[in-house]
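Residue numbers (numbering that gives the first Met the number 0), protein chains in the order written: chain F, 0 to 162; chain Y, 0 to 100.
Just so it is clear, CB atoms sit at the ideal spot from N, CA and C, and this is done for glycine as well.
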Amino acid sequence: MIDAVLFYAFAALALGSALVVVGQRNPLYSAFALIVTLVSLSAIFALLGSPFIAVLQLVVYAGAIMVLFLFVLMLLNVKPEGDPPAGKGVLRTAAFLLVAVLVAEVGTVLWRATARVPPVFDASPRRVAHLLFSPQYVYVFEATSILILAALVGAVALARKET
Amino acid sequence: MEALTHHALLLSLALFAVGVAGVFLRRNVITVLMCVELMLNAVNLAFVAFSRSLGTLDGQVLVFFVLTVAAAEAAVGLAIVIALHRNRDTLDVDAFSLLKG
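Here's what the structure looks like:
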């Protein structure tokens with residue numbers, strides 16, 4: 000019972016702050032609203048019985064990625080967006096139409112999906128790690144380290160001042 | 000309990016739709032990147048909900064990989080934003096139309 004109440008509270012918080020992210024013209028306020036979304040999603044992961052993912056979400060997303068975003072926003076001293084240029088109203092309507100089509104399509108599928116909870120669902124970090132380091136996924140795991148290295152080198156090369 | 004998982008899936012759809020709308024509507028490059036992060040998070044929520052519903056842990060492992068890719072994407076994306084700002088002194092997506100046909 001208390002789980003359901005917390006779930007709907009955090010779901011409303013996540014959705015509301017996501018709308019602020021999109022509706023806000025000042026990127027700095029968008030970033031702070033996105034932090035609220037990420038933290039409430041972390042709580043939802045915990046309520047859905049995935050403590051490992053919940054902590055990972057807090058550390059990696061709210062901790063690392065959002066600090067990076069805020070750092071760049073403050074470094075570049077970003078100004079709020081001005082009024083939208085005239086004559087783009089058609090594009091704006093088309094964007095809303097495309098989003099409506101997406102919601103209708105995926106919503107139809109999800110509405111019919113039958114979600115059932117098996118009697119035992121144990122997603123403890125130990126069990127997730129056993130699967131992550133099993134032969135099925137361990138090579139992919141190693142590949143992600145190369146991906147991180149490539150991203151590291153790429154970021155330094157791109158942001159460096161040309162001399 | 001069953002309703003909780005189902006509603007988590009619907010929440011994931013709503014968050015993804017909000018992210019798509021943001022990518023279409025916002026004109027600041029950094030806000031667009033943040034909306035992409037929002038979409039990745041919506042997909043993570045769907046993975047966790049399906050993992051719980053099916054009783055397997057593969058969804059949790061996939062969320063782990065999505066997180067890694069998101070971190071790499073944010074690092075490279077923000078480096079590109081810094082390079083763009085250095086060259087053009089603006090972050091408006093409409094200003095970067097050199098490749099427009």
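Tell me the rounded alpha-carbon separation between Gly106/F and Pro79/F. 34 Å
For my contact list, Ala94/F and Ala20/Y are in at a C-beta cut-off of 8 Å; report their separation, rounded to the angstrom. 7 Å
Measure the beta-carbon distance from Ala73/Y to Leu67/F and round it to whole angstroms, keeping in mind my assumption that it falls under 8 Å. Right, their Cβ atoms sit about 6 Å apart.
Closer than 8 Å to chain Y by CB, Thr92/F: no
Tell me, please, whether the segment 39 to 51 of chain F touches the segment 116 to 135 of chain F by the rule of three or more beta-carbon pairs shorter than 8 Å. Note that the segment 39 to 51 of chain F touches the segment 116 to 135 of chain F; at least 3 beta-carbon pairs, one per stretch, sit closer than 8 Å.
If you follow the alpha helix (DSSP H) that Met38/Y is part of, which residue opens it and which one closes it? Met38/Y: member of the alpha helix (DSSP H) spanning Val28 to Leu53, first to last residue.
Report the residues of the segment 19 to 31 of chain F with a CB closer than 7 Å to any CB of chain Y, ordered along the chain. Val20, Val21, Pro26, Ser29 and Ala30
Under 9 Å from the C-beta of Phe95/Y: neighbouring residues of chain F: For Phe95/Y, there are no C-beta contacts with chain F under 9 Å, since the nearest C-beta of that chain is about 15 Å from it.
Where Gln135/F falls, given that 16 or more other Cβ within 10 Å makes a residue buried: exposed
Quick one: what's got a C-beta closer than 6 Å to Leu33/F's C-beta in the same chain, skipping five residues either side? Val20
Own chain, CB closer than 6 Å to Ile43/F, minus 5 neighbours either side, in chain order: Phe9
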